[in-house]
Amino acid sequence: MQIEQAVARHYAHGALEEAIMNALAAAGKDVNHLVPKDLAPVDEFHVGGRPATTAFAQQLGLRPGMRLLDIGCGLGGASRYFASEHGCEVRGIDLSAEYVGVANALAARVGLAGRVTCEQGSALALPFAPGSFDGAYMLHVGMNIEDKARLFAEVRRVLKPSGLFGIYDVMRLADGDLSYPVPWASGPESSFVADAASYRHLLEAAGFEVLKQRDRRDFALEVFAQMRAKGAAAGPAPLGLHIVMGADAGRKVKNMTGDISAGLIAPTEMICRAPA
Ligand SMILES: C[S@@+](CC[C@H](N)C(=O)[O-])C[C@H]1O[C@@H](n2cnc3c(N)ncnc32)[C@H](O)[C@@H]1O
C-alpha cells in the first residue's frame, strides 16, 4: 500500500487534461475534432511511444472484438490504439485516479468511449472475474511493482485459457545504481526494475509459458538519437511527454537514457501464454 501511494504521488499532476488540451491547441490541432493519433505524442508513456506499441501489438495475435486488459493503462494511449486500429474492446486499470479520468475523457473526445473504459485500481487486486479477458498487456508498469509474483498470478486469473499476456518493461541488464528521478519513479522506494530471468522465473511459476523475449535497447538508442536530432533542428515540440512528466522531465529522461546507454537497463518485450 505504501508503495502504491508513493507511485500514485510520483505520477500526480493536478491539471493534466487542461495541460494536454492547451498543448494540442498550441501544436495546431483542432481540439474539437481529434483522432487517436493526434494524441500519440503525449499519451504513450513508454520508450518509443506509438512505434513501440505498434511493433509490440503485432505479436499479440489480435482479432477484432477481442477483450483486452491494459494493466497500468496510464492515459490510455495504447488502449485507444488497440481499439481504433485492431477493433478490440479494452478495459484499462491504473493506480492514478487522475490518469484514468483523463484516459476516459480522451476516449470520449475521439469517439471511443464505448470501446475503451479505464478505472482506478491496483494490478495486484484486479477487480475482474476469472477468465474475463482474451488477452492482457502492460507497457512500462512492472518497474513500479515489487510483488511481481502476485501481479502475474492476478493476470493469469483474469485471462482465459491460452490467452496471451504481453509485457514491455524496462528490465535490468547489469548491476549498478540507477540515477533518479526516472520517468517511472522519483527515487528507489518506488522503483523495482528486475532482470529478464526474474520475470521468466516468476511468469513460469504463475503458469505462463514465455513464448518470446526481445531486447529493445538498440531501438531505444535509435529513438533517443532521433529525439536529440529533432530537438536540435526544431527546438522543443509543444506536444510531448514533458507535459505529463512535469518540471523535471528533462532530468528524468536524461537519467533513464544515460542508464540505458551505459547498459544497466533496457526496454524489453516478453510474450507469454496462459495455460490451456
Ligand atoms: C510509465 S506509466 C505507463 C502508462 C501506460 N502503460 C503507457 O505506456 O502509456 C506507468 C503506469 O503504471 C501505473 N501503475 C504502477 N503501478 C501500478 C499498480 N500496482 N497497479 C495499477 N497501475 C499501476 C502508474 O500509475 C502509471 O500510470
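Numbered per the working numbering, the sequence shown spans residues 9 to 284. Each residue gets a CB set at the ideal place from its N, CA and C atoms; glycine is no exception.
Buried or exposed for residue i, going by 16 or more other Cβ atoms inside 10 Å?
i, result
"residue 174", "buried"
"residue 148", "buried"
"residue 181", "buried"
"residue 271", "exposed"
"residue 156", "buried"
"residue 274", "buried"
"residue 283", "exposed"
"residue 44", "buried"
"residue 177", "buried"
Is the beta carbon of residue i sitting closer than 8 Å to the one on residue j?
i, j, result
"residue 107", "residue 77", "no"
"residue 197", "residue 14", "yes"
"residue 202", "residue 55", "no"
"residue 136", "residue 166", "yes"
"residue 110", "residue 24", "yes"
"residue 53", "residue 252", "yes"
Sort the options by Cα distance to residue i and report the nearest one.
i, options, result
"residue 18", "281, 271, 256 and 96", "256"
"residue 118", "166, 152 and 89", "89"
"residue 268", "179, 212 and 204", "179"
"residue 250", "44, 39, 155 and 50", "50"
Going along the chain, which residues of its own chain have a beta-carbon closer than 7 Å to the beta-carbon of residue i, five neighbours each way excluded?
i, result
"residue 95", "72 and 73"
"residue 69", "172"
Beta-carbon within less than 6 Å of residue i's beta-carbon, same chain only, minus the 5 sequence neighbours each way: which residues are those?
i, result
"residue 190", "260, 263 and 264"
Sorted by chain position, which residues of the same chain lie with C-beta nearer than 8 Å to residue i's C-beta, five sequence neighbours on each side aside?
i, result
"residue 188", "194, 195, 196, 199 and 263"
- Item | Entirely enclosed alpha helix (DSSP H) segments - the segment 21 to 96, minimum 4 residues | 24 to 34, 44 to 51, 57 to 65 and 85 to 94
- Length-filtered (4 minimum) alpha helix (DSSP H) runs lying within the segment 178 to 228: 204 to 213
- Query: Can you give, in chain order, each stretch of the alpha helix (DSSP H) that sits fully within the segment 107 to 186 and has at least 4 residues?
  - Reply: 156 to 166
- Query: Counting only runs that start and end within the segment 239 to 283, where is the alpha helix (DSSP H) found for 4 or more residues in a row?
  - Reply: 250 to 253 and 257 to 269
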